[in-house]
Structure formats: C-alpha cells, structure tokens
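Peer 1:
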Amino acid sequence: MSFPYLTAIIFLPVVGAILIAFIPGLSSRVIKRLAAIFTFVSLALSVFVFAIFDKSLGAAGVIQFEEKLSWIPAINAHYHLGVDGLSLPLLILMTFLGFLVVLISWKIDLRPREYFAWLLLLETSILGVFCSLDLLLFFLFWEIEVIPMYFLITIWGTGRREYSAIKYVVYTLFGSAFMLAGILSLYFATGSLSMLEIAQGGLESFRVVIPVAAIFFFLLIGFAIKLPVFPLHTWLPDAHTDAPTAVSVVLAGALLKMGGYGMIRLCVTIFPEVAKTYAPILIVLAVVNVLYGAAVTLRQTDLKRLIAYSSISHMGYVLLGIFALGQVSMVGASLQMFSHGVITGLLFAMAGVVMHNTGERDLRKLGGLVRQIPIIAVVFSVGGLASLGLPTTSGFAAEFLVFVGSFSSTIVSGIQVYTILAVLGVVITAGYILWMLQQVFYGPALEQYNGVKDADIIERVYMFAFIAVIMLVGIYPAILTDVIKLGISPIVGLLGG
Amino acid sequence: MNLELFIPELSLAAFALVVILLDLVIQRKGWLVVVSMAGIVVSAGFALAMWGGSSQAIFNNMLAVDNFALFFKLLFLGIAALVILSSVDYVSKFARFQGEYYALVLLSTLGMMLMAAATELITIYIALELTSISLYILVGFLKDSKSTEASLKYLLLGAVASAVLLYGMALVFGFTGKTQLGEIAQVIQTMSPQTLLASPALILGIVLLIAGFGFKIAAIPFHMWVPDVYEGAPTPITAYLSVASKAAGFAIILRVFYSAFGLPQWLSLDWGMIFAVLAAIGMTLGNVVAIPQTNIKRMLGYSSIAQAGYLMVGLATMGFAPTADILGRSGLLFFLASYALTNLGAFIAIIAISNKLDSDLIQDYSGMGKRAPLLALALTLCLISLIGMPPAAGFMAKFYIFSAAVQHNLLWLVVIAVINSVISAYYYLRVVKVMWLGEPASEEKVPSSGALRVALSLSCLGVLLLGVIPGFVMRLAELAASMF
Chain A
8 MSFPYLTAII
18 FLPVVGAILI
28 AFIPGLSSRV
38 IKRLAAIFTF
48 VSLALSVFVF
58 AIFDKSLGAA
68 GVIQFEEKLS
78 WIPAINAHYH
88 LGVDGLSLPL
98 LILMTFLGFL
108 VVLISWKIDL
118 RPREYFAWLL
128 LLETSILGVF
138 CSLDLLLFFL
148 FWEIEVIPMY
158 FLITIWGTGR
168 REYSAIKYVV
178 YTLFGSAFML
188 AGILSLYFAT
198 GSLSMLEIAQ
208 GGLESFRVVI
218 PVAAIFFFLL
228 IGFAIKLPVF
238 PLHTWLPDAH
248 TDAPTAVSVV
258 LAGALLKMGG
268 YGMIRLCVTI
278 FPEVAKTYAP
288 ILIVLAVVNV
298 LYGAAVTLRQ
308 TDLKRLIAYS
318 SISHMGYVLL
328 GIFALGQVSM
338 VGASLQMFSH
348 GVITGLLFAM
358 AGVVMHNTGE
368 RDLRKLGGLV
378 RQIPIIAVVF
388 SVGGLASLGL
398 PTTSGFAAEF
408 LVFVGSFSST
418 IVSGIQVYTI
428 LAVLGVVITA
438 GYILWMLQQV
448 FYGPALEQYN
458 GVKDADIIER
468 VYMFAFIAVI
478 MLVGIYPAIL
488 TDVIKLGISP
498 IVGLLGG
Chain B
300 MNLELFIPEL
310 SLAAFALVVI
320 LLDLVIQRKG
330 WLVVVSMAGI
340 VVSAGFALAM
350 WGGSSQAIFN
360 NMLAVDNFAL
370 FFKLLFLGIA
380 ALVILSSVDY
390 VSKFARFQGE
400 YYALVLLSTL
410 GMMLMAAATE
420 LITIYIALEL
430 TSISLYILVG
440 FLKDSKSTEA
450 SLKYLLLGAV
460 ASAVLLYGMA
470 LVFGFTGKTQ
480 LGEIAQVIQT
490 MSPQTLLASP
500 ALILGIVLLI
510 AGFGFKIAAI
520 PFHMWVPDVY
530 EGAPTPITAY
540 LSVASKAAGF
550 AIILRVFYSA
560 FGLPQWLSLD
570 WGMIFAVLAA
580 IGMTLGNVVA
590 IPQTNIKRML
600 GYSSIAQAGY
610 LMVGLATMGF
620 APTADILGRS
630 GLLFFLASYA
640 LTNLGAFIAI
650 IAISNKLDSD
660 LIQDYSGMGK
670 RAPLLALALT
680 LCLISLIGMP
690 PAAGFMAKFY
700 IFSAAVQHNL
710 LWLVVIAVIN
720 SVISAYYYLR
730 VVKVMWLGEP
740 ASEEKVPSSG
750 ALRVALSLSC
760 LGVLLLGVIP
770 GFVMRLAELA
780 ASMF
C-alpha cells in the first residue's frame, strides 16, 4: 500500500495538538513554532498531492489517494478516505488557511497552549470532513468540529462571546441532529455507509420507508445551517463577529464550505431527481441570500460584522451555482467556495490587524488610515476589490462562472430571471466594500491614529501568501477549474443535463 | 446440578463475608480494598472462563448461564471495581463501618449478577431485593440529614415499586399458572388472541411489571426518587446507582420481555409502544428539567433520567423488531457499556473535586481548568460523551442504538431523541464553560489519590476506545444479545 497521504494530512495537526497539550513546560514561543511546523507539513503534503493528482480527462469521477480499512464491522462502517476534483481544492484551502491562521495567531498570549491545541484539532476535523467517503466517518468529523469552536469562541472571543458560542453550538447540533436522522435513514435503506456505493446504487434499490425527499431535506437542513442559507443564517453574524480573528478566518474560510461541499457530495449526487424537483425553491432562497445578505451588510457599522454579513451574500452565489445544476454553474460554485475562502480569510485577517493595531472596530470612528498604515491599506483594498469581483482576482473568475453557468442552465426553467436578480448583488457588494474601505482608510487622517504600527514581518508574509493565491487563481483559474471539472462532470451526468 | 456454573457468584459472596470478618480484626483498613478487589478479580476470572459456551440452566431453570448473563456479570464487576477504587478517599473519612461499606457494594453486585441471570419470577424478585436492600443502606451511609432523607425516600419508594412489581408478577402467574419465563411464553403462545384479550389480567400484569422495573431504571414517571437520592447519597454510591442499578434493571427487562412476552408480535408491538412513549417523555423531561439545576449531582440525576430515555429506544426497538433481530438488543447492551464508563468517569472526577471543595454546586467548579487541568479534561470528555458527540463513546452508542430504531419504523422517536441531544448540550456545556472559563476561587491545586487516578484513567480510556474503535465491544454485545 502506498504512503497514506490523506491520513497524514488530516492527522498531522491533531498530533501537533496532542504534543502541545500534553508536553509539560513548553514556552509560548515553542508552542507557536510547533503549531506552525505541523500545519506547514500538512500544507506541503496537500500541495504535493495536488501536484501528483491525475488531472487527465480519464480521471473524471475517479477517487484518488483512496484509503480503505474496515473500521466497525458490526455496522459496516469503514475508515474510507479519498479525494476527487470536488474535494481536493477544499482540502488545499483548509491546509493553506490552517497554516496561515497559526501565523495570524502569533500575537495570542492568553493561554496559548490550549488555544493552539484547539485550533489544530479544528483543522483536523474540517480536513476529515472533506476527505471522508464513509458517512459515519464524515459525520464524526463533522461533529468533532463543534467542540474546539465552542472553546475558541468562548475563551478567546470578544463581545457577547458566550452567547455567540452557545448559539453556534445549538444551531450546529440542531442541524446535525437532522443530518444524523438522514444518514441513519440512508443506512437503513441501502445497508451501506459508503457514499460511493450509495450514489452508484441509485434510488431504485432503496427499500424506502420514508419519502426519499424527506431524507434529502434531513441532510439539507444540516448543510443549509452551515452554509448558511436564509433563514437559518442568524448564528453566523454573531459567531463571526465575536470569534478571535484566526477563528473567524477558519470559520468563514473553510467551515462554511462544509455546507456547500455536503450539498454537492450528498444531496445532489445521491438524490439527483429530488434535487431537480426542489431546485427552484432553493434557487429562490439563493437569491434571497444574495440580496438580503447584501442589503443587511450595507447597514453594518462594525468592521467584522460587515465582513461577516457579506459572507451570507457570497454564499448565496454558491447555493445558486449548485442548484442551477449545470456543469459550468457547479464548477463556478466550487471555485467560489475556494475563492471566497481565501478572500474572506484575507479580509478577516486584515480586519484583525486593523483592530489589533488601532484598538477600534467601529467604522464611524476609523478614518484616513492610509497615511499611517499604507501596507495594510493596500492589502486590505486588494482583498476588498477581490471580494467585489474585480477581474484578475479569483472573485471575478468564480462569480463569472456562476452567473454564466446559471444563466445558461437548462435544468431549471426561468433561472435567467433569478440569475439577473442575483447579479444585482454584485452592485450592492461594490457599494458596501468601497464604503468600508473609504471609512477605514480614506478621508482626512485622524490624529489619534498617528502612532499606529503598520504590518510587521509575519503579517506581511501571510498577506503576501493570500494575495498570491487570489491573483494566481484570478489570472489562471484553469489551475483549479480543470481539477474541479473532474469531480463535477460525473455528477452532472447523473442529472442528465 | 452444575454448581461450578455458579462459582462467580459463590466466590463473590465468600469474599464479601471475608471483608466483613476481616474488618473486625485488622487495623489497617487499606487491606479491605485489596480483598474486595481480589474478590472482584476472582469472580470476573471465573465468569470470563465461561464466556462463549452454550447457554445452560441451573437450579431447576431458575438461573441461566449464557453469554447475555455473563456480559452483564462482567459489566457489573467492572463497575464495582471502578466504584471501589474511587471510594478509597471517601471511605477513609468514615470512622466505622468501612468493612460493611465494601461488603455491601460486593453484595449488591452479587444481587445484580443474579438479576442478569434470573429466568424465573420469584428469583428475579429475590435478586432485586438483595440488590435494593444493600443499596438502601449504602445511600444512607453518610448519616447526615440529606443522606438519611435520601435513604428513607429510596426505601419507601423502592418498597412501593417492589409491591407493584409483585402485584404484576402475581397477575402474570395467575393468568398463566407459571413462574418460569420460558413456560410463561409457551402458555401465552398457545392461547388465541381472543382469550388473551378477553381478560385484562395479562396486559395489566405487564404494565405493572414495567412500572416496577421502571423504578430501577429511572424511567418516567417512576423517577421521582432520582434527584434527591443522587444528591444525598455518598458520591461513589451515586455513581454506582446511576450505572449499575440502571444496567441491572435493563438486563432484567430485556430478559423478561424477550423470553416471556416476545411473541405474539402484536403483544410485543404493544409493550414496544409503551416503551417508545416512555422514552420520548423521559428524555424530554429529564433534559429540560436538568437545565436549571445548580447542583452537579442533581443535574446528573436528571441527565440519567434522560439517558434512560435513550436506552428505552432500544427496548422499543426490541418490541417493534421480530424476535430474531438482535440489533435493538445489542445496541442497548453497547449503550449500557459506554454509558457506564462515561457516567463513572464523570462521577469519579466529581468525587475528586468534591473531596477538596466539599461542595457539589456547579458554580464552585469555576476555574477547575486551572486548578486541576487533568480532572477538568476528564470531566469534559465524559460530558461530551453524555451529549453524544465524537470522539467519545456516547456518539457511537447513540449512532448504534438509533440506527437499529430507524430500521423498525421508529424514525419519529429517533428524531425526538436527536433533538433532545441538542437540548442536553446546553446544560452539559454549561459545566464545561464554568470549569474552563470561570476564575478560580483559589489557586490551590486539587489533589487526588492514586486509586482514584487509576479508576479515572481507566474509564476515560474506555470512553475514548469505545468512541474510536468500538468494533470489538459491539461484537461482544452482538454475541451476548444473540444468546439467551
């Protein structure tokens, strides 16, 4: 058997977490370095996996780097990992963010041992979700993520952190409660927990006890809470706003994508017919997400809350792309997940730096900072422009694909109208992003910010990394879309479109 | 007469007597722990040697020696071992009666072992009383006002439950003329449905049996004693009550309802539905009432009512499934094993903390993460397991037992159960929050004895193992469930 790359990528962070938690007497410096080393090796391995991933057309729909071991024979569960074109970009996204958030957390002084242990455990659980091909394993990783998140928000958060943390936990567990019911129903119907077997078996072989659509919606509720889909989004602004910077980056960057990934991997792949039937409803919700999210964002005066609300709007594009059910639109949705992860990650990181250095997060009280902190201002502006979809950034490529794909999709009738409505979201986005940049950086310089420090060396390193990826994917999106297509095309084949 | 099949029980009884006698003559009471543990190990060794054999009957079909009984005997012995280890600090505070304490724990374990093996109504009753009377005394062992009140309450309500149980047994006996479970089943199966329905005696008898056993497992609405008794009893005994006594109750319900009332199918559907409804109400009420509790033992008392609800999902599944289907039963056995480890782990951590604090109030746990990081971590793991989240045993247990329920048209019950898990997260996490987020009242470390640490590490290790690689224990549970 070849080297278990995926196991190594997934579990390296948690090995780091265990070392950090249980070796007595580590200094804060050593802990941070350990965390950086373990997440960097994980990142390097995932980039290597990306490099040797078979990208030829013949590999469409093929699961690569597969690992399969019998796990619990009594319920036919396997330790089954693998990546395809759909999950690989998200895997890279998480390892990338996983390393950068360690750098972003470099200034954490409060209980660093626990902080980094939880952060690394969080990374492992998210990576596990993207690589699992067994429903029980998938659900296990999905649930583990809640615990570190709870601790990270309650202990290191700001504002109403305890309220936000428990709200997050209750929403997530509520969603996963339904997901569990859905998974158990699937398991009962097919006798298998393997995503691949269930998808291949098709619906005909099901011993249906409850309507198939009910199972679809059980699963969908769990994913919709995570993505989030209006009206299940209310946990998001609180959690994002009150979480510490690095956790907001992971939350917006990678965690929300678990929802979109789950929708494609389970809801659409296993229930193509049901997905077609209910796509119009979900597309309406997507448009509501885009427009409502953008409209509410316009009214925000808190820096982090503004970015948080913008995520709701951007996730609307993902939902639109997925349930337009076309090849191009779903590739666009997947690319949007990656792109939004990097861009919003950058925005939250920069908001964190601004807040840390100025001690202020109210947009009405900030202003003119471009003179005092030019580097941060430029990088923040690039991130903002990427978020509003400026060409040559990944945001443009992704949103363009979503709109083109949805507009030309033949599966849902009347989708052109919804697509046009959703495009309006881009205009509103431009409004709030430019307004935010103007409030923070432009206008007359304020005296109280005269001594504010600009980005230090570590901050420059991760800023550069973020921008490099945004530009790379923006200028040459095929580097990802060629891979994503391999994962999407068999799913589109199932839809007959 | 195969007396050698009775050796686990005989040896345990002998060791219990030795402990009492030894208490009279020796000064160093530490030996009592050693002798008690030796008794458990010897008994468990004999029980282990019999595992895997074909099922046999002894004492004129009054007791069965089968994998099912052996599974429970080993479970009870394991629980008793952990309870005794965690009692060492606690009991050394008593001036007198240390020998009686350990001996009573062993005797009640003996009673539970008999409960798991009993296949005849009178024997069941005697085994139940042996267990209960030992426990009544243990609950009152502290002799302060709360402990005495708890003991009296437990005794009075327990006596009522016993009376109800006896009345139910009398009705079943009157209806069938038999006390042996297998013979009762034969009589019932030869009757026509019209005869069965013509007289309410059988159904009434079954309902009264459920009430009597429901007291043991803390099922709604026979749970009234739980919060007060849990709060007042010595903490190791609370731990023991919450896992062993409950497991014994489930063992006996499984055997009685499977062996005597498993067929005809419409009858099992009837009692299955009763259990399903009790489960739904029990877990909802237990979880909702646990939320405002300020005393951690009381909170865990209500939580154990809720957990009994999850466990009863397994009983309901057994009623709904055809008798050959073992999934419901094996799910229940696995849940009991993981619940035992989890709750013991939680209580052992609480024992260590309350030894130092002299308080069981949740607010006093503030800052435990700094004062006793390992104890707090262990308690956190156990609470996470009680919520039913990975990587702890509770997650696998819920998945296993619910997956069986979904297969037999109980999806509605599973949905109620999983939503209940969400509610329960709220109060379990509150304790976690207080421990890791609150400011410590003092900087003093919380000490713990070696025996207690061993017990705590064993149970936490078990919780993790059952959560990550549960295959082996699930296999054992399947074997036990398939062989009555």
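First to last, the sequence lines map onto chains A and B.
The numbering used here numbers the first residue of the first sequence as 8 and each following residue consecutively.
The numbering used here numbers the first residue of the second sequence as 300 and each following residue consecutively.
Every residue, glycine too, gets a C-beta built ideally from N, C-alpha and C.
(1) Check the DSSP bridge columns for Glu419 of chain B and list the partner residues they point to.
(2) Does Ala302 of chain A come within less than 8 Å of chain B when only Cβ atoms are used?
(3) How about Leu50 of chain A and Phe103 of chain A: do their beta carbons lie closer than 8 Å?
(4) Can you give me the C-alpha to C-alpha distance between Leu397 of chain A and Phe403 of chain A, rounded to a whole angstrom?
(5) What residues are listed by DSSP as bridge partners for Leu441 of chain B?
(6) Secondary structure at Glu74 of chain A, three-state DSSP: helix, strand or coil?
(7) Per DSSP, what kind of secondary structure is Val364 of chain B in: helix, strand or coil?
(8) So Leu631 of chain B is in the alpha helix (DSSP H); what residue range does that whole segment cover?
(9) Mind pulling the chain B residues with CB within less than 9 Å of Pro155 of chain A?
(10) Keeping to the same chain, check which residues put their C-beta closer than 8 Å to that of Ile27 of chain A; ignore five residues upstream and five downstream.
(11) Do Ile435 of chain A and Gln302 of chain A have their beta-carbon atoms positioned less than 8 Å apart in this structure?
(12) Here's the rule: buried if 16 or more other CB atoms are within 10 angstroms of the residue's CB, otherwise exposed. What is Ser446 of chain B?
(13) Taking C-beta pairs closer than 9 Å, name the residues in chain A that Pro739 of chain B reaches, listed in chain order.
(14) Would you list, in chain order, the members of the region 592 to 605 of chain B that have their beta-carbon closer than 9 Å to a beta-carbon of chain A?
(15) Does any residue of chain B bring its CB to less than 8 Å from the CB of Ala184 of chain A?
(16) Measuring only between beta-carbons, confirm whether Glu74 of chain A sits less than 8 Å from chain B.
(17) Just to confirm the assignment: which complete alpha helix (DSSP H) runs, minimum length 4, are found wholly within the region 566 to 630 of chain B?
(18) How far does the beta strand (DSSP E) with Leu304 of chain B in it extend, from its first residue to its last?
(19) Pair every Cβ in the region 172 to 185 of chain A with every Cβ in the region 704 to 711 of chain B, then say whether three or more of these pairs are closer than 8 Å.
(20) Can you give the beta carbon distance from Phe646 of chain B to Thr537 of chain B, rounded, assuming they're within the 8 Å contact cut?
(21) Apply the 10 Å Cβ neighbour rule to Pro155 of chain A and answer buried if 16 or more other Cβ atoms are within range, or exposed otherwise.
(22) What number of angstroms, rounded off, separates the C-alpha of Phe371 of chain B from the C-alpha of Met412 of chain B?
(23) Could you please give the first and the last residue of the uninterrupted beta strand (DSSP E) stretch that includes Val90 of chain A?
(24) Output the boundary residues of the beta strand (DSSP E) element that contains Ala356 of chain B.
(25) Whole angstroms are fine: how far does the CA of Leu682 of chain B sit from the CA of Tyr725 of chain B?
(26) Helix or strand or just coil, what does DSSP make of Ile17 of chain A?
(27) In terms of residues, what are the limits of the alpha helix (DSSP H) holding Asn364 of chain A?
(28) For chain A, is any of its Cβ atoms less than 8 Å away from the one on Glu742 of chain B?
(29) Does Leu760 of chain B get closer than 8 Å to chain A when you measure Cβ to Cβ?
(30) Would Leu143 of chain A pass as an interface residue toward chain B - the criterion being a Cβ-Cβ separation below 8 Å?
(31) Comparing alpha-carbon positions, which option in A:Leu353, A:Gly348, A:Tyr324 lies nearest Gly339 of chain A?
(32) Could you tell me the distance, in whole angstroms, from the CA atom of Glu406 of chain A to the CA atom of Lys264 of chain A?
(33) Nearest-angstrom Cα distance between Asp527 of chain B and Leu456 of chain B?
(34) Within 8 Å of any Cβ in chain C, is that where the Cβ of Arg395 of chain B sits?
(35) So for Ile79 of chain A, helix, strand or coil by DSSP?
(36) Out of A:Met337, A:His363, A:Ala356, A:Thr284, state which residue places its alpha-carbon closest to the alpha-carbon of Lys492 of chain A.
Peer 2: The short version:
(1) B:Gln479
(2) no
(3) yes
(4) 5 Å
(5) DSSP output for Leu441 of chain B lists no bridge partner at all.
(6) strand
(7) strand
(8) 626 to 656
(9) Going along chain B, no residue has its Cβ under 9 Å from Pro155 of chain A, so there is no contact; the nearest lies around 11 Å.
(10) Leu33, Ile38, Leu41, Ala42, Arg120, Phe123, Ala124, Leu127
(11) It should be pointed out that residue 302 of chain A corresponds to Ala in this sequence rather than to Gln. A contact, by the Cβ cut-off of 8 Å.
(12) buried
(13) Here the premise fails: no neighbours, minimum Cβ distance about 13 Å.
(14) none
(15) yes
(16) no
(17) 595 to 619
(18) No beta strand (DSSP E) holds Leu304 of chain B; DSSP gives it neither H nor E.
(19) no
(20) 6 Å
(21) buried
(22) 7 Å
(23) 84 to 90
(24) 355 to 357
(25) 11 Å
(26) helix
(27) 334 to 365
(28) no
(29) no
(30) yes
(31) A:Tyr324
(32) 16 Å
(33) 12 Å
(34) Given the protein chain composition of this structure (A and B), no chain C is represented.
(35) strand
(36) A:Met337
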